[in-house]
Every structure is written in structure tokens, then in C-alpha cells.
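Quick note on numbering: the working numbering labels position 52 of the sequence shown as 52, and the sequence is numbered without any gaps.
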Amino acid sequence: MKYINININNFIATIRINRPEALNAMNKVVVAELKGAIEECVKNEKVGVIVLTGTGEKAFVAGADIKSMQKMSGREALEFSREGQEMTMMIENSPKPVIAAINGFALGGGCEIALACDMRIASENAKFSQPEVALGIIPGWGGTQRLPRLIGKGRAIEMITAGEMIDAKEAYRIGLVNHVVPLSELTEKVNSLAKAIMKNGPAAVGAALKCIHKGFDEPLENGLDIELNAFAELFETDEQREGTTAFVEKRKPNFRS
Ligand code: DAK
């Protein structure tokens with residue numbers, strides 16, 4: 001892959017978007033490669049948690065590639081948007097948690113990629129915005145839908161219509177990111193969260209993610225049904241037997257032998 005690096009270490013797959021000359025902006029090739037990388041990590045048994053980040057100390061992703069969008073026809077824009085939405089759905093539907101390690105600008109499509117991740121950890125220098133309206137377009141990779149769900153409608157409307165940049169502190173205050181740390185501590189913070197998740201049963205973690213994502217927009221009763229079924233299914237797994245037996249035997253469970 002030209003623009004994506006994958007590094008797997010201790011069950012943590014770090015997917016790095018690597019196009020620093022354009023602040024990791026996403027053109028068609030980067031989108032296709034990121035989709036491939038997510039698919040690969042979801043399939044790989046040696047991966048428990050996926051971390052998504054950008055190369056360099058300046059940008060996570062500075063958005064969709066504006067230069068490549070300049071002359072797009074409506075049909076091409078539809079295709080680009082569809083590919084990007086598929087990419088964000090792959091991230092959101094991953095049974096393995098996806099953590100965005102936001103190491104700088106997360107603008108436009110970059111912010112939308114972060115929104116599709118399960119958790120967002122930002123470095124102090126990170127900056128966020130949905131500036132599409134300044135280009136005469138709107139967010140096309142799920143921003144109008146995921147941002148209000150995460151930070152509330154009023155704040156999302158402000159970000160999407162005013163298009164102003166906010167810093168990491170403000171992003172934390174409005175619930176856009178889970179944690180803010182100095183850039184030099186970003187990897188350590190993300191890895192310690194990933195390690196905490198990996199102590200737990202992988203099927204249980206995947207089932208919890210599925211219940212939260214699938215149930216989020218459903219009426220409570222439907223969400224509870226989703227939870228009920230997922231809960232029961234886990235009782236057919238070795239993982240549930242190992243987890244409960246380890247507790248009774250007063251030892252740590254071994255979920256990843
Ligand atoms: N696209 C292409 N190139 C970009 C880029 C981007 N989004 N962002 C930065 N670059 C390039 C710059 O052009 C420059 O390249 P050269 O001129 O050196 O060749 C290089 O990266 C370094 O950037 P700067 O020189 O500008 O660096 P500064 O530190 O001065 O400024 C900046 C950093 C992030 C403030 C600035 O680069 C900037 O404002 N970038 C644009 C940010 C932006 O507007 N992002 C949102 C893009 S819109 C849809 C599908 C998707 C989307 C919408 C609809 N459908 C098809 C419906 C998504 C849209 C977006 O993401």
C-alpha cells in the first residue's frame with residue numbers, strides 16, 4: 001500500500017495514514033487503501049484493537065483531498081461519498097474496537113473518520129472542524145449524522161454551519177474526544193487503553209460494541225432485545241466459560257491462548 005502503513009504489536013494494530021506532504025488528506029487511493037487495511041485487521045486473529053492515526057506531528061487527516069474534488073462531477077462526487085461512507089461504516093462496524101489517536105488536524109473528512117471510531121484520544125495540538133461549507137459543500141462521510149449523535153444537535157449545527165476550528169480542550173469540553181494528552185504521551189495513552197480492553201473477552205467486547213452501535217438509534221425496547229440476544233449468545237462461547245471459571249478459581253482469565 002502506498003499511503004497506509006500497518007504495524008501489529010501485542011495484538012494492537014496501528015494503521016497510519018501516511019501522506020504527510022498533503023497533511024494526510026484523503027484521495028480515492030487513500031480511501032481504498034484504508035478500507036483494505038481495516039478489512040485486513042478485522043480478519044487478522046493477531047489483532048485485538050485497531051488504532052487509527054496520521055503520520056507526522058501536524059495532522060491526523062486534514063480532510064478529503066480538496067484538489068481532487070475541485071473538478072468532480074456530481075456522479076463522481078456521489079461515488080467518492082459512497083466509498084467514504086463505506087469506509088466509515090467499516091470502521092464503525094468493526095467487531096474490534098477502533099481508537100482514533102488524533103495527532104493534529106482532524107478536519108472535514110478527517111473529523112468524520114475520527115467520529116466513526118469507537119473512541120477518540122487527542123494530543124494537545126489537535127484541531128477539529130467541519131469546514132466543508134466554506135468550500136460550498138457539506139460533510140459527505142457521515143458528519144451530518146454522527147456529529148449530532150455524539151455532541152448534540154445544537155453544537156453540531158454550529159460546527160457544521162460556522163465551520164470554525166476548535167482546539168483539543170474545547171473538543172474535550174463538548175464530548176468530541178475522550179481524553180487529551182501531550183503529543184509525546186499520545187501513543188502511551190492509546191496503548192494503555194488498548195491493553196485494558198485486551199484483558200477482556202474479545203467476543204464480549206465485540207458484542208458490547210454491536211449492542212451499543214445497533215441499539216443507539218432504536219427505541220429502548222428494541223435495543224434491549226439486541227442486548228438480550230447478544231448476552232445469551234455469549235453463553236455458547238468458551239470465552240464465557242473461561243471468564244466465569246477463572247473468577248471462581250481465583251485466577252486471571254486466559255482469553256487469548
Ligand atoms: N486537500 C488537499 N491538500 C491539502 C489539504 C486537503 N484537505 N489540506 C492540506 N493540504 C495540502 C496543502 O495544499 C499543502 O500542499 P502544497 O500547497 O504544499 O502542495 C500541504 O498540504 C500543506 O498545507 P498548508 O501549507 O496549507 O499548511 P498550513 O499549516 O499553512 O495550513 C491547514 C494547514 C490544515 C489549516 C490548511 O492546509 C487547510 O486549511 N487545509 C484544508 C483543510 C480543509 O478544508 N479540510 C476539509 C476538506 S473538505 C463529500 C465527500 C467528502 C467530503 C465532503 C463531501 N462528497 C463527495 C459529498 C469531505 C470534505 C472535506 O474533507
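Heads up, the beta-carbon is just placed ideally off N, CA and C, and yes, glycines get one too.
Bear in mind the structure is a predicted one, so any value in this text is a computation, not a measurement.
Beta-carbon within less than 6 Å of residue i's beta-carbon, same chain only, minus the 5 sequence neighbours each way: which residues are those?
i	result
T237	A203
P148	A156
D118	P97 and V98
I160	Q130
E170	none
G56	P20
S81	G140
Here's a check: name, in chain order, each residue in its chain whose Cβ is nearer than 7 Å to the Cβ of residue i, leaving out the five neighbours to either side.
i	result
L135	I66
N5	R16 and N18
T53	T14, R16, F60, A101 and N103
I151	I174, G175 and L176
L23	K58, A59, A62 and F105
R251	none
A230	A207, K210 and C211
M198	F11, G48 and V49
Assign residue i to buried or exposed, taking buried as 16 or more other Cβ atoms, counted over all protein chains shown, within 10 Å of its Cβ.
i	result
V180	buried
T216	According to the sequence provided, residue 216 is Phe. The question's Thr does not apply to it. So F216 counts as exposed.
Q130	buried
F60	buried
I212	exposed
F255	buried
G175	exposed
M165	exposed
V248	exposed
E79	exposed
S123	buried
E45	exposed
G108	buried
T277	Since the first residue shown for the chain is 1 and the last is 257, residue 277 is missing from the structure and cannot be characterised.
E239	buried
R146	buried
E21	exposed
S184	exposed
S257	exposed
A232	exposed
Quick one: measure Cβ to Cβ for residue i and residue j, integer angstroms, because I've assumed they're closer than 8 Å.
i	j	result
G143	L115	7 Å
L234	A207	6 Å
V133	S94	The pair is not a contact, with the Cβ atoms about 30 Å apart (cut-off 8 Å).
Inspect the beta-carbon positions of residue i and residue j and report whether they are closer than 9 Å.
i	j	result
A168	K127	yes
M87	K2	no
K189	I102	no
F105	A62	yes
E58	N7	First, the residue type needs correcting, since residue 58 is Lys and not Glu in the sequence shown. In this structure, N7 does not lie closer than 9 Å to K58 by Cβ.
E39	M90	yes
M26	I137	no
G201	E158	no
Spatial neighbours of residue i within its chain, please: C-beta separation below 8 Å, excluding the five flanking residues on both sides.
i	result
A32	E83
Q85	G140, W141 and G142
I226	K210, C211, K214, G215 and E218
N222	G215
T187	A101
Does the beta-carbon of residue i, which I'm using as the reference point, lie nearer than 8 Å to any heavy atom of ligand 3?
i	result
A114	As far as ligands go, the structure on display features ligand 1 and does not contain ligand 3.
Are at least three pairs of beta-carbons, each pair with one atom in the segment 6 to 13 and one in the segment 66 to 75, less than 8 Å apart?
With the cut-off at 8 Å, the segment 6 to 13 and the segment 66 to 75 do not touch.
Between the segment 178 to 196 and the segment 38 to 58, do at least 3 Cβ pairs fall closer than 8 Å?
Contact between the segment 178 to 196 and the segment 38 to 58 is present: three or more C-beta pairs spanning the two stretches fall below 8 Å.
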